[in-house]
Amino acid sequence: MQAMSQVPSRAAAGFASAFGADPAGLWAAPGRVNLIGEHTDYNDGFVLPFALPHRVVVAAAAVPTPRWRVWSEQTGETVEFGAAEADEPGRVEGWAGYVAGVVWTLRSKGYEVPGADLAVASDVPAGAGLSSSAALESAVLTALADLGGLALPVEDRPGLAQRAENDYVGMPCGIMDQSASIRAEAGHALFLDCRSLAIEQIPFDVAASGLAVLVVDTQAPHRHAGGEYASRRRACEEAAALLGVPALRDVSDLDAALEKLTDDVMRRRVRHVVTENQRVLDTVDLLRAGRVREIGPLLTASHASMRDDFEITVPEVDLAVSTALAAGAYGARMTGGGFGGCVLALIDATETDRVAAAVAAAYAERGFTAPVWFAARPGPGAERIE
Ligand code: GLA
7 MQAMSQVPSR AAAGFASAFG ADPAGLWAAP GRVNLIGEHT DYNDGFVLPF ALPHRVVVAA
67 AAVPTPRWRV WSEQTGETVE FGAAEADEPG RVEGWAGYVA GVVWTLRSKG YEVPGADLAV
127 ASDVPAGAGL SSSAALESAV LTALADLGGL ALPVEDRPGL AQRAENDYVG MPCGIMDQSA
187 SIRAEAGHAL FLDCRSLAIE QIPFDVAASG LAVLVVDTQA PHRHAGGEYA SRRRACEEAA
247 ALLGVPALRD VSDLDAALEK LTDDVMRRRV RHVVTENQRV LDTVDLLRAG RVREIGPLLT
307 ASHASMRDDF EITVPEVDLA VSTALAAGAY GARMTGGGFG GCVLALIDAT ETDRVAAAVA
367 AAYAERGFTA PVWFAARPGP GAERIE
């Protein structure tokens, strides 16, 4: 907690030293964990993420000309770009591409984006599948919208941030991460229908039930994550086309759909998406009824489906899940896009240290890099903090 509360002052101090002035304000946007509903977003399905207390903080001030300077605490560098670079997708590369992408998406939709100086600090672990890039996009979007007085309804913002990532950076992600970062509320999980974009805030106060969500960052290196993600997405789109439905969300009779498909891999991809959507709906029903512990088996079934049918887990991830379950977790699953990243486990709050220690011991035995862990409580979505 100590380190987290220092992020805003680090962003402000970074702004002062990079640009020699005080920022006009500070904006923050969180990373996320997804409780359940993986690889369902781009299939027009359902997801249930919540915002982490870990956030990207942007200290910013408008400047009178259309150019942007961005300092990053992580790299210590300042990247500068103008309208020409912002208007050409892919031109600004690396971490600053997410910032340029937000400028691009807003400008291309006709918004008068103010030029700005921005300083970025963060305690969202990068490359851990906790959506540090969506948090960066969301924080920058929120800052620029406020600085420019842009009339930007909150329900439109996740789609704009997603577009920055899809079309400027070139990562074909769905809309879950940006929605979580922008629309989540403290103490709640965000139930999102990725087709209608309707949301419902589902109370998720695990502590009140004596529970905790243990998040284990497996430290597993991301193996070909981008290419594998894109190929999963393509397989789903091809399957939907073969089945004659707009998206896999529309498969209502799974058995009939599986019979129509001849390719075994494609059948398993479809089975994951269709059963995962149902698990999200079942989880939401249980949470609405206050039966938090009972979502455990759904989490575990989600993991098995990702491991066996969608094939997006890696040994480190599977070991964290099986060890947490053996140590008494009610349920456990990988969270996020896969091929590394984080695992979450629903456990009794008093058991946090013991379950984490069990995972660490299992990792040591297998010779895996020691995992990092924390207990996650749902935090607020993007907001101005100063
Ligand atoms: C990544 C993407 C999301 C979503 C998840 C998998 O986090 O950015 O849009 O597809 O993977 O559920």
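Residue 7 is where the sequence shown starts when you use my numbering, and the numbers rise one by one after that. Cβ coordinates follow ideal geometry from the N, Cα and C atoms, glycine included. Being a predicted model, the structure only gives us computed values, none of them experimental.
By the neighbour-count definition (other C-beta atoms within 10 Å, threshold 16), Arg339 is a buried residue. Taking C-beta separations shorter than 6 Å and ignoring five residues to either side along the sequence, the partners of Leu124 in its chain run Val64, Ala66, Val76, following chain order. With fewer than 16 neighbouring CB atoms inside 10 Å of its own CB, Val160 falls in the exposed class. It is roughly 11 Å from the alpha-carbon of Val69 to the alpha-carbon of Phe25. The residues Leu325, Thr329, in chain order, have a CB closer than 6 Å to that of Ala368 in the same chain once the five nearest residues on each side in sequence are set aside. The nearest non-hydrogen atom of the ligand GLA is 7 Å or more from the C-beta of Glu322. Within the same chain, and ignoring the five residues on either side of Ala102 in sequence, the residues whose Cβ sits closer than 6 Å to its Cβ are Val76, Val85.
The Cβ-Cβ distance between Phe374 and Glu300 does not fall below 8 Å. The region 35-49 and the region 332-350 touch, with three or more beta-carbon pairs separated by less than 8 Å. Residue range 13-25 is occupied by the alpha helix (DSSP H) that includes Phe25. A residue is called buried when at least 16 other Cβ atoms come within 10 angstroms of its Cβ; Asp269 does not meet this threshold and is exposed. Assigned with DSSP and collapsed to three states, Gln225 falls in coil, not helix or strand. Beta-bridge pairing by DSSP links Gly337 to Leu352. Assignment of Arg201 by DSSP, reduced to helix, strand and coil, places it in the coil class. The residue among Ala307, Ala263, Leu32, Met182 with its C-alpha nearest the C-alpha of Phe52 is Met182. The beta strand (DSSP E) runs lying completely inside the region 272-349 and spanning 3 residues or more are 337-341, given in chain order.
In the DSSP assignment, Leu166 falls within the alpha helix (DSSP H) that extends over 163-169.
In this structure the region 186-203 does not lie against the region 102-112, because fewer than three pairs of beta carbons, one per stretch, are closer than 8 Å. Collapsing the DSSP output to three states places Gly154 in a helix.
Between the alpha carbons of Lys115 and Asp162 lies a distance of about 11 Å. Placement of the Cβ of Met182 at a distance of less than 7 Å from at least one heavy atom of the ligand GLA is found. When rounded, the separation of the alpha-carbon atoms in Gly165 and Glu371 is 44 Å.
About 5 Å separates the Cβ atoms of Gln168 and Gln184, confirming a contact at the 8 Å cut-off.
Under the three-state reduction of DSSP output, Thr111 falls in the helix class. Listed as beta-bridge partners of Thr84 by DSSP are Trp77. At the C-beta level, Ala186 and Ala57 come within 8 Å of one another.
By the beta-carbon neighbour count (other beta carbons within 10 angstroms, threshold 16), Ser258 is exposed. Per DSSP, the continuous alpha helix (DSSP H) segment holding Leu264 begins and ends at 260-266. Ala218 places its beta carbon 8 Å or farther from that of Ala90. About 27 Å separates the CB atoms of Arg383 and Ala231; that is not less than 8 Å, and the two are not in contact. Pairing Asp354 with Gly216 gives a Cβ-Cβ distance under 8 Å. Residue environment: Ala151 is assigned as buried (16 or more neighbouring CB atoms within 10 Å of its CB, all protein chains considered). If you look at Val62, you'll find it in the beta strand (DSSP E) that goes 55-69.
Distance from the CA of Phe197 to the CA of Gln12, rounded to the nearest whole angstrom, comes to 30 Å.
With a cut-off of 7 Å, the C-beta of Glu44 is classified as near the ligand GLA, since at least one heavy atom of the ligand falls inside that distance. The Cβ-Cβ distance between Met272 and Ala241 falls below 8 Å.
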